[in-house]
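S.K.: Here you go, one structure.
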Amino acid sequence: MAGGTEAFPDMGMHCQHTECNQLDFLPFKCDSCRKVFCLEHRSYKSHDCPKSDRDSRKVVVCEICSSAIETTGRDGEEETAILERHEKSGDCDPKKKKKKPRCPVRRCREVLTFSNTSTCKSCQVKVCLKHRFPGDHACERNSSANLGRTGRGLDSKFLIALASRNANSNANDCAKEGRRGSASPPAAQSVKAS
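In terms of our numbering, the sequence shown opens at residue 911 and continues consecutively.
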């Protein structure tokens, strides 16, 4: 089937669907039956591809035990037959049914999925997005995670460093003030109440 027009005979191809034969300048080649189709008939279902299940893999989920049973399209088995064979095999146990993970925060019933799960960096607990901050899920390692190697918390190290920096800057300011002379107004004296 040659495609194209009089001006451009090598451009495009005709759809090989029996009822279509449309000239398409961007044709699709079916990876199963190797025929060329237009946009409307490119899917397996729309052109009734006889080899559509050649390399496909399907998964059937058992409603009793929630286990996934993999099957290929080559066997031609229906889903019901596959599920019946699974039930009779002894692998189907309702006690093994996997419960969906839920947020561990008290009174939170949120089911944890791929898109709404957050792992706390300090206690490594998986929680929903509403409770992703340590204060929202009563993070157990919150106080111990801040401990450094010496046993002091990071907050106390920060406060010590800040205090020493402020003390050094105040001393430097006083030294600079003394060099300038009495150009600056005298500071008000504080009175101690007894």
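Glycine included, every Cβ here is placed at the ideal spot set by N, Cα and C.
Values in this document were obtained by computation on a predicted structure and should not be read as measured data.
Name the two residues that bound the continuous alpha helix (DSSP H) containing Thr1023.
M.R.: Numbered from 1 along the sequence shown, position 113 holds the residue referred to as residue 1023. No alpha helix (DSSP H) holds Thr1023; DSSP gives it neither H nor E.
S.K.: How far does the alpha helix (DSSP H) with Arg995 in it reach, from first residue to last?
M.R.: In the sequence shown, the residue the question calls residue 995 occupies position 85. Looking at the DSSP string, the run of the alpha helix (DSSP H) that includes Arg995 is Glu989 to Ser999.
S.K.: For Pro1004, which residues in the same chain have their Cβ closer than 8 Å to its Cβ, ignoring the five residues on either side in sequence?
M.R.: What you label residue 1004 is simply residue 94 of the sequence shown in a count that begins at 1. The answer, listed in chain order, is Ile974 and Cys975.
S.K.: So, is Met923 buried or exposed, given that buried needs 16 or more other C-beta atoms within 10 angstroms?
M.R.: The residue labelled residue 923 in the question sits at position 13 within the sequence shown. Met923 is buried by the Cβ-count criterion.
S.K.: Excluding the 5 residues preceding and the 5 following Lys961 in the sequence, name in chain order all residues of the same chain whose CB lies nearer than 8 Å to its CB.
M.R.: Reading the sequence shown from its first residue, position 51 is the one you call residue 961. Correct list, in chain order: Ser942 and Cys943.
S.K.: Given 8 Å as the limit, is there contact between the region 989–998 and the region 1015–1023, that is, 3 or more CB pairs closer than that?
M.R.: Judged by Cβ distances under 8 Å, the region 989–998 makes no contact with the region 1015–1023, as fewer than three pairs qualify.
S.K.: Which residues in the same chain as Cys972 place their Cβ atom closer than 7 Å to its Cβ, once the five residues preceding and following it in sequence are excluded?
M.R.: As a first step, residue 972 must be located in the sequence shown, where it is residue number 62. Once the five neighbours on either side are set aside, the close Cβ partners of Cys972 are Ile979, Leu993, His996 and Cys1002.
S.K.: Under 8 Å between the Cβ atoms of Val970 and Glu989?
M.R.: Here residue 970 corresponds to residue number 60 of the sequence shown, with the count starting at 1. Here residue 989 corresponds to residue number 79 of the sequence shown, with the count starting at 1. Going by C-beta atoms, Val970 is nearer than 8 Å to Glu989.
S.K.: Is Asp1140 buried or exposed, if buried means 16 or more other CB atoms sit within 10 Å of its CB?
M.R.: With the chain represented from 911 up to 1104, any question about residue 1140 goes unanswered, as that position is not in the structure.
S.K.: Are the beta-carbon atoms belonging to Cys925 and Asn931 less than 8 Å from one another?
M.R.: Translated into the one-based positions of the sequence shown, residue 925 becomes position 15. Translated into the one-based positions of the sequence shown, residue 931 becomes position 21. Yes, these two residues count as a Cβ contact at 8 Å.
S.K.: Buried or exposed for Phe1068, going by 16 or more other Cβ atoms inside 10 Å?
M.R.: What you label residue 1068 is simply residue 158 of the sequence shown in a count that begins at 1. Exposed, by the Cβ-count rule.
S.K.: Flag Tyr954 as yes when its Cβ comes closer than 7 Å to any non-hydrogen atom of the ligand MN, and as no otherwise.
M.R.: For the structure depicted, the ligand MN is absent and the ligand set is empty, with no information on it obtainable.
S.K.: By DSSP, does Ser1074 sit in helix, in strand, or in coil?
M.R.: Here residue 1074 refers to the residue found at position 164 of the sequence shown. Helix, per DSSP.
S.K.: Excluding the 5 residues preceding and the 5 following His1047 in the sequence, name in chain order all residues of the same chain whose CB lies nearer than 6 Å to its CB.
M.R.: The count along the sequence shown starts at 1 and reaches residue 1047 at position 137. Once the five neighbours on either side are set aside, the close Cβ partners of His1047 are Val1015, Val1037 and His1041.
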